[in-house]
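Per our numbering, the sequence shown starts with residue -15, numbered consecutively.
Right, one structure below, let's go through it.
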Amino acid sequence: MLAALLLAGCGGGGAPEQPAGEFVDGLFSRIFDGRHASVWDDLYPPHQRVATRARYVSCGEGEPAIDDSAAVEVLDVRDEMWQVAGEPESRESKAVTFRITVAGNGATSTGHLIAVDGQWRWILSPADYQAFSAGQCP
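Dropping the structure here:
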């Protein structure tokens, strides 16, 4: 799930006060600490119906432990239209490009956040959405 994590921009209730990059940094801190239930709490509500808390936590607990040296660096934040898995139309999002480094190996990715009721929410990648929809772990 970590490798495929895509975060997703605007769902109603006003813009969040928290900067998107700060949200992503905190989200990955919880992922690295194995706090899967807390991470699920910030999942986009329609995706919570596809990836139930119990399934998401169970899948996360089945992954290898993350090295204490794990780090995330936010490289860029911008507005972008994005096609959210399970939704018929693209929507406004906050695209966040970040670099994850674990055990000296790094990877750069861009994810998307959606504002819902004044809070940032992350989204499942299309592949993760499909796996959870089928009752499987990504």
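Yeah, the Cβ is synthetic: ideal placement off N, Cα and C, and Gly gets one too.
Check	Outcome
Opposing strand residues paired with V100 [DSSP bridges]	Q103
Nearest candidate by alpha-carbon position, reference D60, set E6, G(-2) and I50	E6
The ligand MG heavy atom lying under 7 Å from the CB of Q114	This structure does not include the ligand MG; it has no bound ligands of any sort.
Contact under 8 Å by Cβ, A79 with T92	no
DSSP three-state assignment for A21, whether helix, strand or coil	helix
Three-state secondary structure assigned by DSSP to E45	helix
Length at least 3, wholly inside the stretch 54 to 89: the beta strand (DSSP E) runs in chain order	55 to 67 and 74 to 86
Pairwise C-alpha distance: F82 and T58	Going by the sequence as given, residue 58 is Val instead of Thr. Approximately 4 Å, taken between the alpha carbons.
The stretch 110 to 122 in contact with the stretch 35 to 49 per 3-pair CB rule at 8 Å	yes
Sequence-distant residues of the same chain with beta carbon closer than 8 Å to A(-1), five excluded per side	A99 and G102
Cβ pair D63, E76 closer than 8 Å	yes
Between the CA atoms of R39 and G18 - distance to the nearest angstrom	15 Å
Whether A21 touches F116 by CB criterion (8 Å)	no
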